[in-house]
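Novice: Could you have a look at this structure, given as structure tokens, before my questions?
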Amino acid sequence: MLRLSAKHELTVRLRRLRRTSALRGAVRETRLDPRDFIYPIFVRPGRGIREPIESMPGQERLTVDLLPAEGDAVRGRGLGGLLLFGLPEAKDPQGSGAYAEDGIVQRAVRTLRAAHPDLLIMTDVCLCEYTSHGHCGVVRDTGVDNDATLPLLAQTAVSHARSGADVVAPSAMMDGQVGAIRTALDEASCGEVAVMAYSAKYASAFYGPFREAAGSTPQFGDRYSYQMDPGNAREAEREIALDLSEGADLVMVKPALAYLDIVRRVRADVPVPLAAYNVSGEYAMVKAAVRAGWLEEERVVLEILTAIKRAGADLIITYHAKEAAGWLAQS
Ligand code: PBG
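So, in structure tokens, the structure goes:
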């Protein structure tokens, strides 16, 4: 322990700047802004349906016709943008609903874009919601076939871009997916569309509620052969470096809370915009504890989001986005 001189003990008082809310506000190092938040939305077939997601209280699967109003809500709260996930009418082994011209996300983007020319629209690019087996790529006897999956992901990204997406976000964790998508976008004259890479995406149990929400649980096996091992940190740096070399515009770490060291590490490593995904299981834990009366929701959520930003994330993809923006507006 450093021994302070008597004089020092009298003059340095860190509590001085904690005395009032105004002082604390003036010296706060990390501030949340609704523009930091990206709101994930699940789109389902049908009309006029808001279907609650049981494992994610407060979240719903929406039909396409309800999206313009949801876009109003996102803009009204001043959020950064939204990220679309689709639940198709039907699934097949090739996940063809992911790249169908009239697929659920393609229709969702066109509808949203027509209503909201300035809204930031991001789309998740993966096959798992669309494949009958629930894996993120094409399945062969030997497992998920990386290279056979790439053209399908590229086709999906191009169809989202042509529908009006600003950013496509590949989450399948296939090697080379960013490069394949970048090349395909450029060849399709979609050179202005950005790629947000789910670069360091871990094989996490925290995706449980999402898989219920999106009906994307693998029907056999698991995702350990393509998503990252939770024990690895250096490997995240390699994933990020590769995605940047393939042309990623933004990179992501996912999940967020159990991986803040990775967020920190990536932030120190690269100057590009960094997103962190505050995933479904993180959201569900908070909601469950709040329901039981064990946690104060507003304080806990704002503390979590502040921590993710403090660790180094520029963007936070979070199901809390609308509520958190509401609290920030009141404070
Ligand atoms: C699709 C995808 C998943 C999530 C985002 N994109 C699920 C998975 O990899 O199983 C999870 C998001 C969340 O849990 O909130 N591959």
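Residue 293 in our numbering is what sits at position 215 of the sequence shown, and the numbering runs on without skipping anything.
Ideal Cβ positions, reconstructed from N, Cα and C, are used throughout, including at glycine.
Starting from E315, trace the alpha helix (DSSP H) in both directions and tell me its first and last residue.
Specialist: The residue given as residue 315 occupies position 237 in the sequence shown. Element bounds for E315: R312 to S323.
Novice: Could you tell me which residues DSSP pairs with D170 in its beta bridges?
Specialist: Here residue 170 refers to the residue found at position 92 of the sequence shown. Partner(s): T209.
Novice: The alpha helix (DSSP H) with T396 in it runs from where to where?
Specialist: The sequence position of residue 396 within the sequence shown is 318, counting from 1. Not the alpha helix (DSSP H): T396 falls in the beta strand (DSSP E), residues L393 to T396.
Novice: Closest Cβ-Cβ distance between E179 and chain D: below 8 Å?
Specialist: No chain D appears in the structure shown, which is made up of a single protein chain.
Novice: Closer than 7 Å to a non-hydrogen atom of the ligand PBG - does that hold for the CB of V379?
Specialist: Locating residue 379 in the sequence shown gives position 301, counting from the first residue. No, the ligand PBG has no heavy atom inside 7 Å of this Cβ.
Novice: Check the DSSP bridge columns for F115 and list the partner residues they point to.
Specialist: Translated into positions along the sequence shown, residue 115 becomes position 37. Beta-bridge pairing links F115 to I394.
Novice: Would the C-beta of F298 count as close to the ligand PBG, meaning under 7 Å from any of its heavy atoms?
Specialist: Walking along the sequence shown from the start, residue 298 turns up at place 220. False, no ligand heavy atom lies under 7 Å from that Cβ.
Novice: With V121 and A186 assumed to form a contact (beta carbons below 8 Å), what rounded beta-carbon distance in angstroms separates them?
Specialist: Translated into positions along the sequence shown, residue 121 becomes position 43. Translated into positions along the sequence shown, residue 186 becomes position 108. With 8 Å as the limit, V121 and A186 qualify as a contact, their Cβ atoms being about 4 Å apart.
Novice: Classify R139 as buried or exposed, calling it buried when 16 or more other Cβ atoms lie within 10 Å of its own Cβ.
Specialist: Counted from its first residue, the sequence shown places residue 139 at position 61. Its Cβ being crowded by 16 or more others within 10 Å, R139 is buried.
Novice: Tell whether a beta-carbon distance below 8 Å holds between A399 and L144.
Specialist: Residue numbering aside, residue 399 sits at position 321 when the sequence shown is read from its first letter. Residue numbering aside, residue 144 sits at position 66 when the sequence shown is read from its first letter. No, Cβ-Cβ distance for A399 and L144 is not below 8 Å.
Novice: Would you check whether the ligand PBG has a heavy atom nearer than 7 Å to the C-beta of A250?
Specialist: Residue mapping note: residue 250 aligns to position 172 of the sequence shown, counting from 1. Yes, the Cβ of A250 comes within 7 Å of a heavy atom of the ligand PBG.
Novice: In angstroms with no decimal places, state the Cα-to-Cα distance between Q255 and V90.
Specialist: The residue labelled residue 255 in the question sits at position 177 within the sequence shown. The residue labelled residue 90 in the question sits at position 12 within the sequence shown. Answer to the nearest angstrom: the Cα atoms are 54 Å apart.
Novice: Any chance the segment 326 to 343 sits against the segment 291 to 303, with 3 or more Cβ pairs inside 8 Å?
Specialist: Because the criterion of three Cβ pairs below 8 Å is not met, the segment 326 to 343 and the segment 291 to 303 do not touch.
Novice: Would you be able to state if there are at least three C-beta pairs under 8 Å between the segment 232 to 246 and the segment 258 to 265?
Specialist: They touch, by the three-pair rule.
Novice: Identify every residue that forms a DSSP beta bridge with L352.
Specialist: Mapped onto the sequence shown, residue 352 falls at position 274. DSSP, once it has assigned bridges, lists V329 as partnering L352.
Novice: Give me the Cα-Cα distance between L338 and H211, rounded to the nearest whole angstrom.
Specialist: Position 260 of the sequence shown, counting from 1, holds the residue named residue 338. Position 133 of the sequence shown, counting from 1, holds the residue named residue 211. Approximately 32 Å, taken between the alpha carbons.
Novice: Can you tell me the Cβ-Cβ gap for L161 and P195, rounded? I've got them flagged as a contact below 8 Å.
Specialist: As a working mapping, residue 161 is identified with position 83 in the sequence shown. As a working mapping, residue 195 is identified with position 117 in the sequence shown. With a Cβ gap of about 18 Å, L161 and P195 do not count as contacting.
Novice: Do N356 and A334 have their CB atoms nearer than 8 Å?
Specialist: Along the sequence shown, read from residue 1 onward, the residue named residue 356 stands at position 278. Along the sequence shown, read from residue 1 onward, the residue named residue 334 stands at position 256. In this structure, A334 lies closer than 8 Å to N356 by Cβ.
Novice: Please report the straight-line C-alpha distance between V203 and R345, rounded to a whole angstrom.
Specialist: Along the sequence shown, one-based indexing puts residue 203 at 125. Along the sequence shown, one-based indexing puts residue 345 at 267. Straight-line Cα distance between these residues: approximately 24 Å.
Novice: Please report the Cβ distance between D421 and A281, rounded to the nearest whole angstrom; I am assuming they are in contact, meaning their Cβ atoms lie under 8 Å.
Specialist: Here the chain comprises residues numbered 79 to 409, so residue 421 is not present and cannot be evaluated.
Novice: Figure out for me which residue from R289, K279, I382 and P287 has the closest Cα to the Cα of A314.
Specialist: Residue numbering aside, residue 314 sits at position 236 when the sequence shown is read from its first letter. If we check each option's Cα against that of A314, K279 comes out closest.
Novice: When you compare each of R102, L406, R377 and A243 to M200 by their alpha carbons, which one comes out closest?
Specialist: The residue given as residue 200 occupies position 122 in the sequence shown. Per the Cα distances, A243.
Novice: Check the C-beta distance from I127 over to T141 and give it rounded, since I have them as a contact under 8 Å.
Specialist: On the sequence shown, residue 127 is found 49 positions in, with the first residue counted as 1. On the sequence shown, residue 141 is found 63 positions in, with the first residue counted as 1. That belief holds up - the Cβ atoms of I127 and T141 are roughly 5 Å apart, short of 8 Å.
Novice: Short of 6 Å in beta carbon distance, which residues of its chain neighbour L95, apart from the five on each side in sequence? Order them along the chain.
Specialist: What you label residue 95 is simply residue 17 of the sequence shown in a count that begins at 1. Excluding positions up to five away in sequence, the list reads L101 and V105.
Novice: Should S237 be counted as a contact of the ligand PBG given a C-beta to heavy atom distance under 7 Å?
Specialist: The residue labelled residue 237 in the question sits at position 159 within the sequence shown. S237 Cβ: outside cutoff for every heavy atom of the ligand PBG.
Novice: Within the continuous alpha helix (DSSP H) that includes R153, where are the two ends?
Specialist: Against the sequence shown, residue 153 aligns to sequence position 75. Per DSSP, R153 belongs to the alpha helix (DSSP H) from L145 to G154.
Novice: Reducing DSSP to helix, strand and coil, say where L160 ends up.
Specialist: Counted from its first residue, the sequence shown places residue 160 at position 82. Reduced to three states, the DSSP call for L160 is strand.
Novice: Given a cut-off of 8 Å, decide if I182 and L165 are closer than it, judged by their beta-carbon atoms.
Specialist: For the purposes of this step, residue 165 is taken as residue 87 along the sequence shown, with counting starting at 1. For the purposes of this step, residue 182 is taken as residue 104 along the sequence shown, with counting starting at 1. Closer than 8 Å, so yes.
Novice: Identify whether A389 lies in helix, strand or coil by the three-state DSSP scheme.
Specialist: For the purposes of this step, residue 389 is taken as residue 311 along the sequence shown, with counting starting at 1. Helix.
Novice: Exposed or buried, what is L228 when buried is set at 16 or more other beta-carbons lying within 10 Å of its beta-carbon?
Specialist: Along the sequence shown, one-based indexing puts residue 228 at 150. Looking at its Cβ environment, which holds 16 or more other Cβ atoms inside 10 Å, L228 is buried.
Novice: Taking DSSP as the reference, what is the three-state secondary structure of G221?
Specialist: The residue labelled residue 221 in the question sits at position 143 within the sequence shown. Strand, per DSSP.
Novice: Tell me whether P135 sits in a helix, a strand or coil according to DSSP, three-state version.
Specialist: By 1-based counting over the sequence shown, the position of residue 135 is 57. If DSSP states are grouped into helix, strand and coil, P135 belongs with coil.
Novice: Which class does I340 belong to by DSSP, given the choice of helix, strand or coil?
Specialist: As a first step, residue 340 must be located in the sequence shown, where it is residue number 262. Helix, per DSSP.
Novice: Going by C-alpha distance, which of A362, A336, A391 and I386 is nearest P349?
Specialist: Counted from its first residue, the sequence shown places residue 349 at position 271. Measuring from the Cα of P349, the nearest candidate turns out to be A391.
Novice: When you compare only the Cα positions, how much space is there between Q172 and A291?
Specialist: For the purposes of this step, residue 172 is taken as the residue at position 94 of the sequence shown. For the purposes of this step, residue 291 is taken as the residue at position 213 of the sequence shown. Cα to Cα, the separation comes out at about 21 Å.
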